[in-house]
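Under full-length UniProt numbering, read the sequence shown as residues 1 to 1075, first letter to last.
Here a beta-carbon is modelled for each residue, glycine too, at the ideal position from N, C-alpha and C.
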Amino acid sequence: MLAVYKECTFVYQRLVMQHTCVDLTFEMARLVTALKLSIFYYHLVNTVINHPNSSNFKFVQINHYLVTSLLSCIHHWINDDAQQPRKRSEIQAEAMERKADFTEKKAALSAMQIEDARRRYAYLLGQTDIFAHFLNIAKMKSTDARKFRDFTDKGIKTTEKEPPSRNRRKTEKEEDEELIKNDLNDEPLTTFSFTESPAYVTGGKMRDYQIQGLNWLISIYENGINGILADEMGLGKTLQSISFLGYLKHFLDNKGPHLVIVPKSTLHNWFSEFKRWVPSITAFIFHGPKDERAGLISSSLHSGKFEVCITSYEMCLLEKSAFSKVAWQYIVIDEAHRIKNENSALSQIVRLMNCRNRLLLTGTPLQNNLHELWALLNFLLPDVFSSAEDFDNWFSTDQEGDQDKVVKQLHKVLRPFLLRRIKSDVEKSLLPKKRINLYVGMSTMQRMWYKRLLEKDIDAVNGAAGRKESKTRLQNIVMQLRKCCNHPYLFDGAEPGPPYTTDQHLVDNSGKMALLDKLLQHLKAQGSRVLLFSQMSRVLDILEDYCIWKEFDYCRLDGTTAHEDRINSIDEYNKPDSSKFIFLLTTRAGGLGINLATADIVIMYDNDWNPQVPRIVLIVLVKKSKWLSSVSLQRYRIALMSTTWNAIEEKVIDRATQKLRLDQLVIQQGRVIQPTKNSSKDDLVSMIQYGAESIFNSSDSTISNDDIGEILRRSEKKTAELDDKYKNMGLDDLQKFTVEDTTSAYQWEGEDFRDKRSGIGMNWIGPSKRERKVNYDVDNYYRQVSLTSTRTANPRPPKPKTMTLQEYQFYPTRLLELNEKEKYEFWRSVGYKPSRADSTETDETAAEKWLALEETRIETAEPLTDQEIAEKEQLTQKGFESWTKRDFQTFCRANEKHGRDNLEAIANDMEGKTLKEVEDYATVFWKRYTEIPDHEKIVGNIEKGEARLKKVQEVHEAITAKISKYRLPLQQLKLVYGQNKGKNYTEEEDRFLLVTLGKFGYGTDDIYEKIRTEIRKSPLFRFDWFIKSRTTAEIMRRCNTLVMLLSKEIEAEDDREDRKRKSKDVSVAPSKKKK
């Protein structure tokens, strides 16, 4: 038997050596379980043999035969699996080879980084003395000073000979060597540069400024510098980057690997650009679901059979481990503003990747946020710009007069790393672009909704809101007003219907739609093709209905469009002889990864606060056609405004134009400036008030009936005036400019109201009379009182004290009666007359009865007596005033969870309530819960929860009763499986699950996670990989199955007991008859 045990141990060790936990299939898990059982039977046999009263040798012989049979099966399985170790050894060899290759490449990469650092420091110190400051800080803060000296001194100091002693003169030979060495060091470093489009760029000829950009990339590479290519959108940053990677391959034999990280929407565009311009580069797209990514990792990424990997931000986050195992030569990041926050997941993961060089691409101008600038520079040169605090301290200043000095210093720092050109400077052959703001009026329905929105928050419109949340409130008003400017049908209930129809009312009820209808018909007649943008996807819904009504062929793209549908729509619109007239897009979803080369008209239906959004939309969408199209591209941007009646969108255009001019003055020159702050509370109030007075004074439509030609001429003149207004402003004027300029809300109809506002007070905008019905007009009441003669004998009663009485606070019913009495007396005193419209009754007879009853109550109303007033004051203290709606809901949920009698557990779930408070509230609640609306639903949910608790308790008692029948339940407990035993779980595993379930209590919190922990800790399952690898959800399902089996077993036992009792009663009955 000892030999059998040793053989079992040897076989187990071979199994562990040949397979990992991941490799264990279900069949192998069963064999391992069988091996464990054989060891268990060995100990059982050994116990029987050694027992002093053992005489059943046959039992020992049977169990010995069982053990040897199991071992024979295991040996047979090992022999059949003889080929598996060889295959695994091959896989391990390949993995070791990849690891060695990665280690070798990483070492080579480190050596290149040291050489790059030496050249980088020498280059930067020659640019400006500012870098000496940061290099000294890096040296002082380096944890390895020797490493820093190696970076800076390698290649400069020589170790071949000892320097000559100061105590002797130099020989002629030594002096000649020194002079020759100095001459060599004084020779300028020459870098290769192109004068024409490279031969390896086969997709076409690069333009002069693109060749200059390529030469700049080569220059910073030779100097060990990482850079930011920040050309304006449309100048070919993608082509310049691809051509630079081609230079590395064809001239320096640097075949990568390179990593290009781009937005998901541009993946296929980047891949097609590689194939078009430099097809000699082997590129592939790393993107897809989890199973496909695993294949790409093994077949391409780790095999090294590629030169450029194109992936998205999301893939970097999901497969960070795989990307970190590659020694990258270059990492190119498109839309580099994604990493301006150094604490973001993407920024941190990209910083950890092994790479020699980094290149950032962005078309968005850099803002002078010092910390964001440091984050970008730290990503480019972490060894130079290592401390954000030092960077901020060096450039920040509290003195306003030193701003220019700070800007100049930042300019010097950014100059070696940043290249930014704008189209107007480098490309003189561009076709002219025409931008026109179309100014229109509002329809009658729009003016009505605009007025409602202003009146709804009139105190905020007048600037009277003084709370902290007032700015958020103002921003919401601005958003709602802009929706009204787009189309009133964006508000629920505005569109007439049902039935809802698509016809002329869609155009007549919106000033923008009325103009758009004229404009599109004009463009359709002249053969143009249109891109129509809006910020709001619901506006696209309205425009889509309009296109269907007008029978315009269209495509649509927004944030919900699938990637495949996106590509198909673009191809359908761009194909030759396409019948598509309009492409509907949202500005956020349509600004990246799209080439719509066949459109000549771009219409912005609404305006964005960010002036770069319409520019990005225009430039990116037509990037393919900008050199080829013979049609002058025009952009119409619709702004809701007319010469007399103004609205908020005029201020949006003003603010966007101001920002755009600021960008042209400063940022486009490669400099940076303090970022434009978000609109302040006063700015928002001024924008909302703009044109509000005219809205209140008139509700007539201001839509012009002029033809489209006259509208375009007038709008073009207005646009030119707006541009000239900001064109003449300098940098200081633009930075100090606010919404409340000299021509803002205070000038209306030729009169300046700036000085008159202080005399008017807070309510300088007088709202019109409300058209909605009111119960009583308090202002009118007090106005009449003030105009009444002082000889009036009977003063009217004051307005009743407003006190909110919630049903769940359970105030005495007498207090409700007194409140009703006071209300009717007040209505009688102000002469309020109810009408049938105030009734909620749908039946006319019932409405008449309600009206008569209300009139009777008002006519017979009497004021409260002094005794009733005192009684009311006392009753207000008897409710649960401190109980909020949230407290009430928590109380109800706690009753569902714990049952109405477990008040201690309910109190534990309630924050800020003591047990005594909960007991008092529960007593009143169960007496008066019928006063609460929907009390049937609330009590029903509580009863359902109590039923669940009762069922859980019954199940737990059944489990406890089952376990208590056995002295050793883990070995003796028997389950009646019937037909539901299954093939996966053994009876030993089921016994353990059921016993542990009874131990922790069925229905308790985290019960199945506790069982999972117990399984992993138990020595019974030390070799049972199947049960140890089950998830919490799988354990829960198995426990529920066992509970169901136990319930059926109990039901069967009860049925047997009932049958026995009935049969006993039947047998007893005849015997009684015989007697």
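Between residue i and the rest of its own chain, which residues show a CB-CB distance below 6 Å, the 5 nearest in sequence each way excluded?
i	result
TRP827	ILE858
ASP606	ASN486, SER534 and GLN535
TYR1008	THR1032, ILE1035 and MET1036
THR790	For THR790, the predicted model reports a pLDDT of 40, less than 50, meaning its position is unreliable and no value from the coordinates is stated.
Note down, in chain order, each residue of its chain lying with its Cβ closer than 8 Å to the Cβ of residue i, except the 5 sequence neighbours on either side.
i	result
LYS944	GLU896
GLY879	LEU805, GLN809, PHE810, TYR811, PRO812 and LEU815
GLU544	TYR554, ARG556 and LEU584
THR719	ARG435, ILE436 and ASN437
GLU871	ARG814 and LEU818
ASP1055	none
TRP926	ARG900
LYS885	GLN806 and TYR808
Would you list the one or two residues that DSSP bridges to residue i?
i	result
VAL262	SER312
THR960	Answer is none; THR960 lacks a bridge partner.
GLY227	LEU359
LEU418	ILE228
VAL995	Answer is none; VAL995 lacks a bridge partner.
Check residue i in the structure and name its three-state DSSP category.
i	result
ALA283	strand
GLN329	strand
MET604	strand
SER534	strand
LYS937	helix
TYR554	strand
LEU24	For LEU24, the pLDDT reaches just 43, beneath the cut-off of 50, and the residue's location in the model is therefore unreliable, leaving the point undetermined.
ASP577	coil
GLU973	The sequence shown places Leu at residue 973, rather than the Glu named in the question. Coil at LEU973, not helix or strand.
PHE491	coil
VAL586	Inspection of the sequence shows that residue 586 is occupied by Thr rather than by Val. Strand.
ASP334	strand
VAL440	strand
ARG482	helix
ARG1037	helix
SER874	The residue asked about is misnamed: residue 874 is Gln in this sequence, not Ser. It is helical.
GLU196	coil
THR1032	helix
PHE1023	coil
ARG796	The pLDDT assigned to ARG796 is 41, lower than 50, so where the model puts this residue is not dependable, and the model offers no usable value.
residue 1076	Outside the modelled stretch of the chain, which goes from 1 to 1075, sits residue 1076, for which no answer is possible.
HIS371	helix
VAL955	helix
ASN254	coil
residue 1109	This structure does not reach residue 1109, given that the chain is present from 1 up to 1075, and the question cannot be answered.
GLU693	Per-residue confidence for GLU693 stands at a pLDDT of 48, beneath the threshold of 50, marking its modelled position as unreliable; the derived number appears in the next sentence. Reduced to three states, the DSSP call for GLU693 is helix.
TYR450	helix
TYR811	coil
What residues in its chain sit with their C-beta under 7 Å from that of residue i, if we drop five residues either side in the sequence?
i	result
TYR200	GLY246, HIS250, VAL278 and SER280
HIS898	ALA905 and ILE906
LYS453	The residue asked about is misnamed: residue 453 is Leu in this sequence, not Lys. Here the set comprises ILE477, GLN480, LEU481 and CYS484.
ASP565	none
ILE349	CYS316, LEU317 and LYS320
ASN341	SER347 and ALA375
Counting pairs of beta carbons, one from the segment 943–961 and one from the segment 992–1002, are three or more of them closer than 8 Å?
Enough Cβ pairs lie closer than 8 Å, so yes.
Please go through the segment 880–934 and give each complete alpha helix (DSSP H) segment of 4 or more residues, from N-terminal end onward.
Listed in chain order, the complete alpha helix (DSSP H) runs (minimum 4 residues) inside the segment 880–934 are 885–898, 903–909 and 915–928.
Can at least three beta-carbon pairs, one atom from the segment 967–981 and one from the segment 934–949, be found at a separation below 8 Å?
Touching, no.
Touching by the beta-carbon criterion (3+ pairs, under 8 Å), the segment 844–851 and the segment 818–825:
The segment 818–825 and the segment 844–851 do not touch, with fewer than three beta-carbon pairs separated by less than 8 Å.
Validate contact between the segment 278–288 and the segment 213–220 using beta carbons, cut 8 Å, 3 pairs:
Contact between the segment 278–288 and the segment 213–220 is absent, because fewer than three Cβ pairs lie under 8 Å.
Taking 8 Å as the cut-off, does the segment 958–965 touch the segment 919–938 (at least 3 CB pairs, one atom from each stretch)?
Counting Cβ pairs under 8 Å, fewer than three are found: no touch.
The segment 255–272 contacting the segment 315–330, beta-carbon criterion three pairs below 8 Å
By the Cβ criterion, the segment 255–272 is in contact with the segment 315–330, since at least three pairs of Cβ atoms, one from each stretch, lie closer than 8 Å.
Cβ pair count under 8 Å reaching 3, the segment 491–504 against the segment 520–527
No, they do not touch.
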